[in-house]
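If you want the working numbering, it's the 1-based position in the sequence shown plus 261.
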Amino acid sequence: MRESIMKFVQNLFSIATLIAVLGGAAVFTMFLVGIIIGGDSGTSLAVNAKGIVMPYFIRCAAVAVLAGLIHYYASGEHALTMDEGD
Numbered sequence: 262m263r264e265s266i267m268k269f270v271q272n273l274f275s276i277a278t279l280i281a282v283l284g285g286a287a288v289f290t291m292f293l294v295g296i297i298i299g300g301d302s303g304t305s306l307a308v309n310a311k312g313i314v315m316p317y318f319i320r321c322a323a324v325a326v327l328a329g330l331i332h333y334y335a336s337g338e339h340a341l342t343m344d345e346g347d
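Given below as structure tokens:
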């Protein structure tokens with residue numbers, strides 16, 4: 262049971278991280294296109310990227326962090342753990 266929960270949390274972490282990173286790239290592209298277009302259209306695109314699109318990806322990144330923390334504490338070790346033999 263614990264292993265299946267660990268696998269689920271690890272998969273959730275991976276998917277949420279991927280979505281957050283790709284979303285960041287999408288927001289960057291929206292800002293870049295807004296700068297290139299300029300004027301009212303560019304301003305509208307940049308404001309929509311900041312106010313509408315970006316909060317969803319920030320929440321997704323927060324879910325990824327939470328899933329990563331749950332995985333660390335449930336597994337009992339993390340990347341900075343030293344074994345006796347190291």
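Ideal placement from N, C-alpha and C gives every residue a C-beta, glycine not left out. Being a predicted model, the structure only gives us computed values, none of them experimental.
- [ ] Kindly indicate which residue of S275, A323, S336 and V288 has the alpha-carbon position closest to the one of M267.
- [x] As a working note, residue 267 is residue 6 in the sequence shown. If we check each option's Cα against that of M267, S336 comes out closest.
TODO: On a CA-only basis, which of I297, Y334, M315 and V326 is nearest A287? Give me that one, please.
DONE: Taking the sequence shown and counting its residues from 1, the one referred to as residue 287 is at position 26. A287 has its Cα closest to that of M315, out of I297, Y334, M315 and V326.
- [ ] Would you decide whether G295 is buried or exposed? Buried here means 16 or more other CB atoms lie within 10 Å of its CB.
- [x] Residue 295 sits at position 34 when you count from the first residue of the sequence shown. Per the 10 Å Cβ criterion, buried.
Open item on the list: Please report the straight-line C-alpha distance between A307 and M291, rounded to a whole angstrom.
Closed with: Here residue 307 refers to the residue found at position 46 when the sequence shown is read from its first residue. Here residue 291 refers to the residue found at position 30 when the sequence shown is read from its first residue. Straight-line measurement puts the Cα of M291 at about 6 angstroms from the Cα of A307.
Open item on the list: Determine, for E338, whether the minimum Cβ-Cβ distance to residues of chain B falls below 8 angstroms.
Closed with: Included in the structure is just one protein chain, with no chain B present.
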